[in-house]
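J.: Before I ask anything, let me first share the structure, which is written out below as structure tokens.
There are 2 protein chains.
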Amino acid sequence: MRPRRVVILGAGFAGIACAKRLSKFDGEVLIVDRTNHHLFQPLLYQVATAGLSGSDIAQPIRTVLRGQRNAHVHMSSVTAIDLATRTITFSFRDHKIEYDWLVIALGVQTNYFGNDHWAKHALGLKSLADANLVRDRMLGAFERAENLIDSPAERIAQTTIVVIGGGATGVEMAGACIELARRALRPEYRRANLADVTVHLVDSGSRLLSTFDETLSARAKADLEAMGVTVHLNTRVGEVGDGYVIMTKSGDATSVVSPQAPQRIEAATIIWAAGVCAPPLTGTLGVPLDRAGRIIVDVNGRVGTQREVFAAGDIAACSDARGKLVPGVAQGAMQLGDHIGKLILREERTRTQIGGASPARKGFTYFDKGSMATIGRSKAVAEIGSFKTGGILAWVLWLAVHLIFLVDLRSKLTVLLKWSAAYLFYRPSGRLIGERTST
Amino acid sequence: MRPRRVVILGAGFAGIACAKRLSKFDGEVLIVDRTNHHLFQPLLYQVATAGLSGSDIAQPIRTVLRGQRNAHVHMSSVTAIDLATRTITFSFRDHKIEYDWLVIALGVQTNYFGNDHWAKHALGLKSLADANLVRDRMLGAFERAENLIDSPAERIAQTTIVVIGGGATGVEMAGACIELARRALRPEYRRANLADVTVHLVDSGSRLLSTFDETLSARAKADLEAMGVTVHLNTRVGEVGDGYVIMTKSGDATSVVSPQAPQRIEAATIIWAAGVCAPPLTGTLGVPLDRAGRIIVDVNGRVGTQREVFAAGDIAACSDARGKLVPGVAQGAMQLGDHIGKLILREERTRTQIGGASPARKGFTYFDKGSMATIGRSKAVAEIGSFKTGGILAWVLWLAVHLIFLVDLRSKLTVLLKWSAAYLFYRPSGRLIGERTST
Chain A
34 MRPRRVVILG
44 AGFAGIACAK
54 RLSKFDGEVL
64 IVDRTNHHLF
74 QPLLYQVATA
84 GLSGSDIAQP
94 IRTVLRGQRN
104 AHVHMSSVTA
114 IDLATRTITF
124 SFRDHKIEYD
134 WLVIALGVQT
144 NYFGNDHWAK
154 HALGLKSLAD
164 ANLVRDRMLG
174 AFERAENLID
184 SPAERIAQTT
194 IVVIGGGATG
204 VEMAGACIEL
214 ARRALRPEYR
224 RANLADVTVH
234 LVDSGSRLLS
244 TFDETLSARA
254 KADLEAMGVT
264 VHLNTRVGEV
274 GDGYVIMTKS
284 GDATSVVSPQ
294 APQRIEAATI
304 IWAAGVCAPP
314 LTGTLGVPLD
324 RAGRIIVDVN
334 GRVGTQREVF
344 AAGDIAACSD
354 ARGKLVPGVA
364 QGAMQLGDHI
374 GKLILREERT
384 RTQIGGASPA
394 RKGFTYFDKG
404 SMATIGRSKA
414 VAEIGSFKTG
424 GILAWVLWLA
434 VHLIFLVDLR
444 SKLTVLLKWS
454 AAYLFYRPSG
464 RLIGERTST
Chain B
34 MRPRRVVILG
44 AGFAGIACAK
54 RLSKFDGEVL
64 IVDRTNHHLF
74 QPLLYQVATA
84 GLSGSDIAQP
94 IRTVLRGQRN
104 AHVHMSSVTA
114 IDLATRTITF
124 SFRDHKIEYD
134 WLVIALGVQT
144 NYFGNDHWAK
154 HALGLKSLAD
164 ANLVRDRMLG
174 AFERAENLID
184 SPAERIAQTT
194 IVVIGGGATG
204 VEMAGACIEL
214 ARRALRPEYR
224 RANLADVTVH
234 LVDSGSRLLS
244 TFDETLSARA
254 KADLEAMGVT
264 VHLNTRVGEV
274 GDGYVIMTKS
284 GDATSVVSPQ
294 APQRIEAATI
304 IWAAGVCAPP
314 LTGTLGVPLD
324 RAGRIIVDVN
334 GRVGTQREVF
344 AAGDIAACSD
354 ARGKLVPGVA
364 QGAMQLGDHI
374 GKLILREERT
384 RTQIGGASPA
394 RKGFTYFDKG
404 SMATIGRSKA
414 VAEIGSFKTG
424 GILAWVLWLA
434 VHLIFLVDLR
444 SKLTVLLKWS
454 AAYLFYRPSG
464 RLIGERTST
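See below:
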């Protein structure tokens, strides 16, 4: 007889938290991911803006679970989930595996809202490959700008960046792009004047960081504008093409200072941080989904009517025991993943007792540790319960929290070292432009 | 009138040394490279074997020359060199530029000796892209091995590595591969037993490290064999295909212990470190070349009969003022590049004096600081003049020298940190497998 088996799909914050909680599971914990690494996504924008390298914020899943004897890692994409037969099919040779417990934690992908053909022009930012592509495109554009001394119009397009979406990712990207160009890189470009780099941040809503308190939204906007970012609120993107964005301002602008947006912006670098949706696989499960295709789960993360199937992390739409929506952030994913791990352990224990009945499930309570977004050097916003702050205090908090939560000591030290070098000498360390192989 | 201009093609050790020496050149120093970084090539094998990441051993050329006001950087491939009209043509929009002085330091590429179709099976190791590809292929093979529990023959092929070429690169690769698999990774793979990983090192000659003293060749072979590497001397590769190598043992084996090589080895990872040649561009110059297409230069690095054209680094075949061949190593490249920089400075100075005659050129003397190759943890060989050593002393020397020569402080500290983590905890830090973009 095969050992009891938990299959966890996805090695993000939810999947890893669940796997770790299951270290005492008497059987096999199989964690599946299409990459070989666990990514510390909150710092992904720093890889995209050349501040860090991929290996600073990603660890092999095998290393993360190195000490856990019951944990197995399978690098593969998932092609099918069959809840009726409790079977997962993988892309690697259509390999099939059965589960006793299933945790779906596959995360989300960039949502172009029906305009998937925009994807090659407006780059998403969900994986390390995405981040490397953004960095290559932006740094490549600056290189071309340096060579285009005789063509001012083209040079301007190469040094223009448009960031679409004013949530945390968009705000962090916009701030990091302009600092990279105007401060760190400027002394190294002799012909192109990188002080001329312009960054446009576009959002359809009336304020940035809509999940934060309004005072912090205003603060973020003011900080970004002081750094030179042009913020376009109440502005919708009508079209994205090769090297351009067409945007239209909606009627009811509530922001007083919203600048007049040009209709069409020529920009070599366009970044899409405007939305996410669940992978198409959720549509095959036959369970309730929300508008973005996320699996609607109960207060314990349970999927549909299956007692043994759960979802956690960004792919799950979960209201906790107090009716509060669990936000799509690392903390929400980790806490729900951990909760599911505990449930499985407890129910396995009763199962093995003779005549053990399934215990009642209590329901998960999300503990909000607060949220933060960094804007630039010595600038951030933070909201912890009713405590709200901006500027250098929020920034130091942000630094400390992110260093603490990085997975291992080597990453913490490397990132600390690189941040120090960047802070003291304006020397970002992740600036290699990827090349095709020489063969 | 345009300023006086030195064009340096290639930002390797020779190009950078020459550019730096020209910091007082009264005019423009234009350094051209197809990548945006200067690569510390002696540690490239560590990126290929997951010990380090690309950004640890490569710095943007702009950063290396940041403080040098007369230095300009142009990221582009070179498509043509016209010595008669003193013009270089670049791939970026067929842009042309004239030079007063030219230094060709483009390096070399992997030489498959007429079998270029082997390139996609037997991976070269000249650029960061090459190194990333080797790492992805080897780690990807180990992942597949982990999934192939039911197929022992396939699993063995996935955990077999063949390194072709027994020079310093081949020796370092073979040692690093077997240590990575058998020591660092083994505890993390539950199904595939990475203790079974086999590494074959193949060379057509009668000893490894043919440029070193014979005692060190023997030492390197003994050390590698003790680590588990199978060394095939006097063995020629007859064919390389998708996942296999066919080799034939030549008749006159001088080595007593050479093992009986199988005719055909199934191996998912094949690395080609057997030879290099100059890029095809040298054939268009109309100047004398050696068999590998390298430009034969005079004792000052001068190319053909042109007083203003030089070549340095691996692309140049140079015998120095004492008739000694300058070896294709970092020291040779740096010293000749620097010498050429000095020559240019001196001749520019006389040129600007009224009636200044071209001074006689003295000829370059290569100063041999010795050579080293690392084999594994606490194992290396070093030869400095008549001093020869192996084992831990050579290894410590190797570590110290490589740390000292890394370009900047941040790299030194990061690499030291990563080496320490790898040494103490067997935790190699560059293990991300590259993925295609998620879009």
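Residue numbers (the numbering used here), protein chains in the order written: chain A, 34 to 472; chain B, 34 to 472. Glycine is no exception: its CB is placed at the ideal position from the N, C-alpha and C atoms.
Hey, does ILE466(A) have any beta-carbon neighbour from chain B nearer than 9 Å?
T.: On the first sequence, residue 466(A) is found 433 positions in, with the first residue counted as 1. Answer yes: the Cβ-Cβ gap between ILE466(A) and chain B drops below 9 Å somewhere.
J.: Just list the residues that DSSP pairs THR122(B) with in beta bridges.
T.: The count along the second sequence starts at 1 and reaches residue 122(B) at position 89. THR122(B) pairs with ALA113(B) and LYS129(B).
J.: Name the chain A residues that come within less than 7 Å of MET108(B), Cβ to Cβ?
T.: On the second sequence, residue 108(B) is found 75 positions in, with the first residue counted as 1. Near MET108(B) (Cβ distances below 7 Å), the residues of chain A are GLU176.
J.: Using three-state DSSP, classify ILE64(B) as helix, strand or coil.
T.: If you number the second sequence from 1, residue 64(B) lands on position 31. In the three-state reduction of the DSSP assignment, ILE64(B) falls in the strand class.
J.: Of the residues that make up the stretch 83 to 103 of chain A, which ones have a beta carbon closer than 7 Å to any beta carbon in chain B?
T.: Here the close residues are SER86, GLY87, SER88, ALA91, PRO93, ARG95, THR96 and ARG99.
J.: Under the assumption that HIS71(B) contacts ALA91(B) (Cβ atoms under 8 Å), give the Cβ distance between them as a whole number of angstroms.
T.: Along the second sequence, read from residue 1 onward, the residue named residue 71(B) stands at position 38. Along the second sequence, read from residue 1 onward, the residue named residue 91(B) stands at position 58. Right, their Cβ atoms sit about 7 Å apart.
J.: Nearest CA to the CA of LEU135(B): which residue from ILE377(B), ILE408(B) and LYS445(B)?
T.: Walking along the second sequence from the start, residue 135(B) turns up at place 102. That would be ILE377(B), whose Cα lies nearest to the Cα of LEU135(B).
J.: Which chain B residues are close to ARG335(A), counting only those with a beta carbon under 7 Å from its beta carbon?
T.: As a first step, residue 335(A) must be located in the first sequence, where it is residue number 302. The contacting residues do not exist; ARG335(A) stays about 28 Å from chain B at best.
J.: Between which two residues does the alpha helix (DSSP H) harbouring LYS357(A) extend?
T.: Taking the first residue of the first sequence as position 1, residue 357(A) is located at position 324. That residue, LYS357(A), is in no alpha helix (DSSP H); it is neither H nor E in DSSP.
J.: Keeping to the same chain, check which residues put their C-beta closer than 6 Å to that of ALA50(A); ignore five residues upstream and five downstream.
T.: Numbered from its first residue, the first sequence carries residue 50(A) at position 17. If we look at ALA50(A) and ignore the five residues flanking it on each side, its Cβ neighbours are MET367, GLY370 and ASP371.
J.: Would you say GLY361(A) faces chain B, with C-beta separation under 9 Å as the test?
T.: Taking the first residue of the first sequence as position 1, residue 361(A) is located at position 328. Not one chain B Cβ lies under 9 Å of GLY361(A).
J.: Please work out which residues of its chain come closer than 8 Å, Cβ to Cβ, to HIS105(A), disregarding the five sequence neighbours upstream and downstream, and give them in chain order.
T.: As a position in the first sequence, residue 105(A) is number 72, starting the count at 1. Setting aside the 5 residues that flank it on each side, HIS105(A) is surrounded in the same chain by GLU61, VAL62, LEU63 and ILE64, each with a C-beta closer than 8 Å to its C-beta; the list follows chain order.
J.: Going by Cα to Cα distance, which pick from TYR132(A), ARG443(A) and GLU468(A) is closest to PHE458(B)?
T.: Start at 1 with the first residue of the second sequence, and residue 458(B) comes out as number 425. If we check each option's Cα against that of PHE458(B), ARG443(A) comes out closest.
J.: Could you tell me the distance, in whole angstroms, from the CA atom of SER404(A) to the CA atom of TRP151(B)?
T.: The residue labelled residue 404(A) in the question sits at position 371 within the first sequence. The residue labelled residue 151(B) in the question sits at position 118 within the second sequence. Distance between the alpha carbons of SER404(A) and TRP151(B): 53 Å.
J.: Taking the beta strand (DSSP E) that TYR277(B) falls in, what are its first and last residues?
T.: In the second sequence, counting from the first residue as 1, residue 277(B) sits at position 244. Element bounds for TYR277(B): 277 to 282.
J.: Under 9 Å between C-beta atoms, does HIS372(A) make it to chain B?
T.: Taking the first sequence and counting its residues from 1, one reaches residue 372(A) at position 339. It does not; no Cβ of chain B falls within 9 Å.
J.: Identify, in the order they occur along the chain, each residue of the same chain with its Cβ nearer than 8 Å to the Cβ of PRO321(B), setting aside the five sequence neighbours on each side.
T.: Stepping through the second sequence from its first residue, residue 321(B) is reached at position 288. If we look at PRO321(B) and ignore the five residues flanking it on each side, its Cβ neighbours are ILE328, ILE329 and GLY337.
J.: To which residues of the same chain is ASN69(A) closer than 6 Å at the C-beta, ignoring the five residues directly before and after it?
T.: In the first sequence, residue 69(A) corresponds to position 36, counting from 1. Excluding sequence neighbours, ASN69(A) sits near PRO93 and MET108.
J.: Taking the alpha-carbon positions, what's the HIS265(B) to PRO313(A) distance?
T.: Position 232 of the second sequence, counting from 1, holds the residue named residue 265(B). Position 280 of the first sequence, counting from 1, holds the residue named residue 313(A). Each residue's Cα considered, the two are about 51 Å apart.
J.: Quick check: what's the CA-CA separation for ALA286(A) versus GLU212(A)?
T.: By 1-based counting over the first sequence, the position of residue 286(A) is 253. By 1-based counting over the first sequence, the position of residue 212(A) is 179. Residue placement at ALA286(A) is poorly supported in this model, since its pLDDT is 48, which falls under 50; the coordinates are not used for a value here.
J.: Taking the alpha-carbon positions, what's the ALA307(A) to SER453(A) distance?
T.: Taking the first residue of the first sequence as 1, we reach residue 307(A) at position 274. Taking the first residue of the first sequence as 1, we reach residue 453(A) at position 420. For ALA307(A) and SER453(A), the distance between alpha carbons rounds to 31 Å.
J.: Among ARG224(B), TYR78(B) and GLU380(B), which one has its Cα closest to the Cα of ARG177(B)?
T.: Locating residue 177(B) in the second sequence gives position 144, counting from the first residue. For the residues ARG224(B), TYR78(B) and GLU380(B), the minimum Cα distance to ARG177(B) belongs to ARG224(B).
J.: Checking 9 Å against the spacing of the C-beta atoms, do GLY396(B) and ALA138(B) come in under that value?
T.: One-based indexing of the second sequence puts residue 396(B) at position 363. One-based indexing of the second sequence puts residue 138(B) at position 105. In this structure, ALA138(B) does not lie closer than 9 Å to GLY396(B) by Cβ.
J.: Whose CA, out of THR231(B), THR202(B), THR447(B) and GLY200(B), lies closest to the CA of ALA174(B)?
T.: For this step, residue 174(B) is matched to residue 141 along the second sequence. Comparing Cα positions, the closest option is THR231(B).
J.: Would a check of beta-carbon distances place GLY463(B) closer than 9 Å to chain A?
T.: Position 430 of the second sequence holds residue 463(B). Chain A contact via Cβ: present.
J.: Since MET280(B) and GLY271(B) should fall inside the 8 Å C-beta cutoff, what is the C-beta to C-beta distance between them, to a whole number of angstroms?
T.: Counting from one through the second sequence, the residue named residue 280(B) turns up at place 247. Counting from one through the second sequence, the residue named residue 271(B) turns up at place 238. About 6 Å; that satisfies the 8 Å criterion.
J.: Using the beta-carbon count (16 or more within 10 Å), is GLU381(B) buried or exposed?
T.: Position 348 of the second sequence, counted from the start, is the residue given in the question as residue 381(B). It counts as buried.
J.: In chain A, which residues lie less than 8 Å from HIS154(B) when you measure between Cβ atoms?
T.: Here the question's residue 154(B) lines up with position 121 in the second sequence. In chain order: nothing, as chain A lies at least about 10 Å away.
J.: Counting contacts by CB-CB distance shorter than 9 Å, is LYS57(B) in contact with chain A?
T.: Position 24 of the second sequence holds residue 57(B). For LYS57(B), the answer is no, since every Cβ of chain A falls outside 9 Å of its Cβ.
J.: Taking contact to mean 3 or more Cβ pairs, one atom from each stretch, closer than 8 Å, check whether the stretch 116 to 126 of chain A and the stretch 228 to 245 of chain B are in contact.
T.: no
J.: Please state whether DSSP places VAL336(A) in a helix, a strand or coil.
T.: Looking up residue 336(A) in the first sequence gives position 303. DSSP places VAL336(A) in strand when its eight states are reduced to three.
J.: Reducing DSSP to helix, strand and coil, say where ILE197(B) ends up.
T.: Walking along the second sequence from the start, residue 197(B) turns up at place 164. Secondary structure at ILE197(B): strand, using DSSP grouped into helix, strand and coil.
J.: What does the Cβ neighbour count give for THR407(B), buried or exposed, with the cut at 16 atoms within 10 Å?
T.: The sequence position of residue 407(B) within the second sequence is 374, counting from 1. Buried, by the Cβ-count rule.
J.: The alpha helix (DSSP H) spanning PHE46(A) covers which residue range?
T.: For the purposes of this step, residue 46(A) is taken as residue 13 along the first sequence, with counting starting at 1. PHE46(A) -> alpha helix (DSSP H) spans 46 to 54.
J.: Comparing C-alpha positions only, which one of ARG67(A), ASN148(A) and GLY409(A) sits nearest to THR112(A)?
T.: Numbered from its first residue, the first sequence carries residue 112(A) at position 79. For the residues ARG67(A), ASN148(A) and GLY409(A), the minimum Cα distance to THR112(A) belongs to ARG67(A).
J.: Round the Cβ separation of GLU221(B) and ARG95(A) to the nearest angstrom and send it over; I've been treating them as touching at under 8 Å.
T.: By 1-based counting over the second sequence, the position of residue 221(B) is 188. By 1-based counting over the first sequence, the position of residue 95(A) is 62. The pair is a contact, with the Cβ atoms about 4 Å apart (cut-off 8 Å).
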